[in-house]
Amino acid sequence: MKVTVVGAGNVGATCADVLAYREIANEVVLVDIKEGFAEGKALDIWQKSPINLYDTRTTGVTNDYSKTANSDVVVITSGLPRKPGMTRDDLISTNAGIVKSVTENIVKYSPEAIIIVVSNPLDVMTYCAHITSKMPRTKVMGMAGILDTARYRAFLAEELNVSPKDIQAVLMGGHGDTMVPLPRYTTVGGIPVTEMIAEDKLNAIVERTKNGGGELVKLMGTSAWYAPGSAAAQMVEAIVRDQKRVFPVCIKLEGEYGITGTYLGVPVVLGKNGVEKVIELQLNEDEMALLKASEKAVREVMDVLDNMPVNA
Ligand SMILES: NC(=O)C1=CN([C@@H]2O[C@H](COP(=O)(O)OP(=O)(O)OC[C@H]3O[C@@H](n4cnc5c(N)ncnc54)[C@H](O)[C@@H]3O)[C@@H](O)[C@H]2O)C=CC1
Ligand SMILES: O=C([O-])CC(=O)C(=O)O
1 MKVTVVGAGN VGATCADVLA YREIANEVVL VDIKEGFAEG KALDIWQKSP INLYDTRTTG
61 VTNDYSKTAN SDVVVITSGL PRKPGMTRDD LISTNAGIVK SVTENIVKYS PEAIIIVVSN
121 PLDVMTYCAH ITSKMPRTKV MGMAGILDTA RYRAFLAEEL NVSPKDIQAV LMGGHGDTMV
181 PLPRYTTVGG IPVTEMIAED KLNAIVERTK NGGGELVKLM GTSAWYAPGS AAAQMVEAIV
241 RDQKRVFPVC IKLEGEYGIT GTYLGVPVVL GKNGVEKVIE LQLNEDEMAL LKASEKAVRE
301 VMDVLDNMPV NA
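Structural data, given as structure tokens:
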């Protein structure tokens, strides 16, 4: 299996490293626009192979998409990360042009590839890549839900002093402050979380999760990469190994949850064909209201993209 990762920065290089050391693909190509940058990162990861014992071949290229030809999966991480004081939506003017041109190159050389978008603002960059690619919605998706859910699970594991492995959860909606955690669908080793934690503590964890990206931007001056890069690699693994994993993934909704045309995180089954099924949960009134509010927020940024010169 051949996987291309576009953007050899913090998230892209982390994703390529996980793909290599876990031997999720046998060939990983890193692409960046900065001369020599992807080549250097790929060489560094390759030189780690005798230490960490893997044989995935990693190569890097500067903007040469011919080397990415016939990739099975492509992960797009190219674009600016936010700085303290910025929202993810502030990145749209720069990142839309980058994601559009990168998608055109990917489709030219790998028309059959499944595309996973990571660049922010995530839901709208998934929209951008999807309309540019002209591919079925099942093959162009965004990574955010696994990351947001992982943060929620990690915070819960810390609070309850249990293994994060035993926390199962799902978050839906856009990758922003309006994301929709679902305590009703959260369990600790099969036990409903609401039986394990006081309501005020759970609410505080939900709020911390919603601001999870911003918390790290404040601490580091740029955004996170270990968990995001690993989350993208986990999606690649589900696809190349046809695992049929159930993950929250950003995809264009076509009637599910009564929503049409908006790109939102929803639980799906992920396998060799990409998104093989969108799972429709029976949301209660409050949960549905939160999802609709999240949809509205994403729609507003989709409208910004529609009116940008990049789409003129
Ligand atoms: N969906 C999610 O949950 C997350 C999304 N992100 C987003 O991922 C993106 C990348 O973040 P980082 O890796 O931290 O940034 P970074 O600045 O470390 O890396 C971005 C890389 O993209 C490259 N690049 C820019 N234009 C390019 C082009 N046209 N073609 C190829 N490469 C190009 C840059 O040279 C740079 O090396 C950001 O937009 C960030 O907001 C970050 C974390 C989580
Ligand atoms: O916060 C950011 O800008 C990056 C991101 O999407 C995240 O870490 O959730």
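Note that full-length UniProt numbering has the sequence shown beginning at 1, numbered continuously upward. Backbone N, C-alpha and C define an ideal beta-carbon position, used for all residues, glycine too.
Asked                                                                                                                                              : Found
Rounded C-alpha distance that separates N105 from L19                                                                                              : 22 Å
Where Q168 falls: helix, strand or coil (DSSP)                                                                                                     : strand
Straight-line Cα distance separating E295 from I92                                                                                                 : 17 Å
Beta-carbon spacing of F247, G145 below 8 Å                                                                                                        : yes
Per-residue burial, K41 [other beta carbons within 10 Å of its own, 16 or more giving buried]                                                      : buried
Y192 Cβ short of 7 Å to ligand 2 heavy atom set                                                                                                    : As written in the sequence, residue 192 is Pro, which differs from the Tyr given in the question. Every heavy atom of ligand 2 is 7 Å or more from the Cβ of P192, so no.
Secondary structure, beta strand (DSSP E): runs of 3+ residues fully inside the UniProt domain "Lactate/malate dehydrogenase C-terminal" (147-303) : 245-254, 260-271 and 274-278
A224 beta carbon near ligand 2 (any heavy atom closer than 7 Å)                                                                                    : yes
R153 CB to nearest heavy atom of ligand 1 below 7 Å                                                                                                : no
Cβ-based burial, M135 [other Cβ within 10 Å; buried from 16]                                                                                       : buried
Sufficient close CB pairs (3 or more, under 8 Å) joining the segment 175-182 to the segment 279-291                                                : yes
Cβ-Cβ distance between S101 and G7 below 8 Å                                                                                                       : no
V75 Cβ short of 7 Å to ligand 2 heavy atom set                                                                                                     : no
Proximity test, F247 beta-carbon vs ligand 1 heavy atom, cut-off 7 Å                                                                               : no
Inter-residue Cα distance where the pair is A224 and P111                                                                                          : 30 Å
Through-space distance from I131 to V99, alpha-carbon basis                                                                                        : 11 Å
M125 - containing beta strand (DSSP E), residue span                                                                                               : It is not in any beta strand (DSSP E) - M125 instead sits in the alpha helix (DSSP H) that spans L122 to S133.
DSSP three-state assignment for D32, whether helix, strand or coil                                                                                 : strand
heavy atom of ligand 3 below 7 Å from L156 C-beta                                                                                                  : Absent from the structure shown: ligand 3. Ligands present: ligand 1 and ligand 2.
Distance cut-off 7 Å: G79 Cβ against heavy atoms of ligand 1                                                                                       : yes
For V117, three-class secondary structure by DSSP                                                                                                  : strand
Cβ-heavy atom distance, P84 to ligand 1, below 7 Å                                                                                                 : no
Per-residue burial, Y54 [other beta carbons within 10 Å of its own, 16 or more giving buried]                                                      : buried
For T77, three-class secondary structure by DSSP                                                                                                   : coil
Closest by C-alpha distance to D64, when choosing among L80, N203 and Y109                                                                         : Y109
Touch test, the segment 82-96 against the segment 20-29, Cβ-Cβ under 8 Å, three pairs minimum                                                      : no
Classification of Y257 by the beta-carbon crowding that lies within 10 angstroms, buried from 16 upward                                            : buried
Spatial neighbours of A293 in its chain, beta-carbon cut-off 6 Å, leaving aside the 5 residues before and after                                    : T178
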